[in-house]
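Okay, structure first, notes after.
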Ligand code: GLY
Ligand code: MN
Ligand code: MN
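Numbering (our numbering), first residue to last: -12 to 268.
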C-alpha cells in the first residue's frame, strides 16, 4: 500500500493529532532503503565503539570511562550525537533499568551492562552488551547469559514478515521462564516477569522507540530484540545469583525472507566476547 499517498489524501481535509498519528505511525514503521542505509551506518559506528570498549575494559575503570570509549569511537566514525542517554551499569547497577548515572568504579568480579546507540543524520542505533569486567564470566553469570542469548535467538527468529509484533517477546519470555524454572530461581514460568520486567522489542528509526502500528511485521521494519534477566540483591532466590543483570540487544531488519541482524558485526557469544576481551591492543 502506498501509505504516503493515502496519508496525504485522507489527512488534507482533516488534520488533527489522531489522524496524523495513525499515518505517521504507518509511514515511520516501514523504512525506505535510504533510511536503512543511514540506520546501518549508525549501527556500524556503534559496533566499532563497543568493540574498542570491550577490548579496553578492565577493573578500576569507571562506568563513564567505558561509556566515553564507545562515544569517542562512534563520533570519530561520524555520529553527531548519541541517540538516547547512555546506560553503563556495573555490578548491582546492571540490574537497574534506565540507569544513567554512570559514575561507579568497576570491580573485577562484576558484570558491566552497556546500552548505547550512536545517532547518524537523525537515525539511531540501539545496542546492549553485558561483559565481565575481568574478562571471564563466572559459572552463574554464564548460565544467566546463555539463557538470555537463547531467548534473544528465539526472539530474532520471530522477526519475519507476517508475524505479530509481540511474537518475539512471547518467544523470548517462554525461553527465559523455562530456563529460570530449571535453574530453581522461580517455580512457575509466569513468575519470570519478576526478573524479566520489560518488553523485548520496539521499532527503531528517527526515535530510539520509533513510531509504528504494532501490527503484523512487514519487510522494511527495523526493530530491536533485547531480552534481559535482572536479579537484584535481596531477590527471593539463592544469593549466588544476586547482582547479576544481563541484557543482550541487537537491531533486526525484517525482510521478505530471513531476519537480518544489522548489528551482527558485534560478538554476542561468551566465547567470542571473552576472546575479544583477551586481545592485546
Ligand atoms: N536504550 C533504550 C532501549 O533499549 O529501549
Ligand atoms: Mn532498545
Ligand atoms: Mn537499548
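Virtual Cβ for every residue (Gly too), placed ideally from N, Cα, C. Nothing here was measured: the structure is a model prediction, and the numbers come from that model.
Is residue 147 closer than 8 Å to residue 204 when the C-beta atoms are compared?
yes
Since residue 208 contacts residue 9 with CB under 8 Å, what's their CB separation in whole angstroms?
Wrong, their Cβ atoms sit about 17 Å apart, outside the cutoff.
Ends of the alpha helix (DSSP H) at residue 42?
20 to 43
Starting from residue 64 and walking both ways along the beta strand (DSSP E), at which residues does that stretch end?
It is not in any beta strand (DSSP E) - residue 64 carries neither H nor E in the DSSP assignment.
CB of residue 58 to nearest heavy atom of ligand 1: below 7 Å?
Incorrect: residue 58 has no Cβ contact closer than 7 Å to ligand 1.
Any residue with its C-beta under 7 Å from a non-hydrogen atom of ligand 1 counts. Can you list them all in chain order?
71, 74, 102, 104, 113, 115, 189, 195, 196, 211, 213, 236
Give the straight-line distance between the Cα atoms of residue 139 and residue 67, rounded to the nearest whole angstrom.
29 Å
Residue 172 and residue 224: beta carbons closer than 8 Å?
yes
Selection from 112, 120, 162 that minimises the alpha carbon distance to residue 175:
162
Excluding the 5 residues preceding and the 5 following residue 110 in the sequence, name in chain order all residues of the same chain whose CB lies nearer than 7 Å to its CB.
22, 25, 26, 29, 192, 193
Can you tell me whether residue 156 is buried or exposed, with buried defined as 16 or more other CB within 10 angstroms of its CB?
buried
Between 77, 33, 78, which lies nearest to residue 56 when the distance is taken from Cα to Cα?
33
Given a cut-off of 8 Å, decide if residue 122 and residue 264 are closer than it, judged by their beta-carbon atoms.
Contact: yes.
Roughly how many angstroms separate the alpha carbons of residue 257 and residue 232, rounded to a whole number?
15 Å
Neighbour-count burial assignment, residue 88, 16 or more Cβ in a 10 Å radius:
Under this definition residue 88 is an exposed residue.
Does the stretch 241 to 248 come close enough to the stretch 92 to 110 to have 3 or more Cβ pairs within less than 8 Å?
Not touching, per the Cβ criterion.
Straight-line CA distance for residue 271 to residue 5?
As displayed, the chain neither begins before -12 nor continues past 268, which places residue 271 out of reach and without an answer.
Rounded to a whole number of angstroms, what is the C-alpha to C-alpha distance between residue 120 and residue 12?
Cα-Cα distance, rounded: 40 Å.
Assuming the contact rule is C-beta atoms closer than 8 Å, residue 228 and residue 218 should be a hit. Round their C-beta distance to whole Å, please.
5 Å
According to DSSP, what are the bridge partners of residue 75?
101
For the beta strand (DSSP E) that contains residue 238, what are its first and last residues?
237 to 240
Where does residue 216 fall in DSSP's three states?
strand
Give the straight-line distance between the Cα atoms of residue 226 and residue 63, rounded to the nearest whole angstrom.
42 Å
Can you give the beta carbon distance from residue 131 to residue 102, rounded, assuming they're within the 8 Å contact cut?
Actually they do not touch by this definition, with Cβ atoms about 17 Å apart.
Provide the residue(s) that pair with residue 17 in DSSP beta bridges, ordered along the chain.
208
Buried or exposed for residue 90, going by 16 or more other Cβ atoms inside 10 Å?
exposed
Answer yes or no: do residue 70 and residue 112 have a C-beta to C-beta separation smaller than 8 Å?
yes
Could you tell me whether the Cβ atoms of residue 98 and residue 216 are closer together than 8 Å?
no
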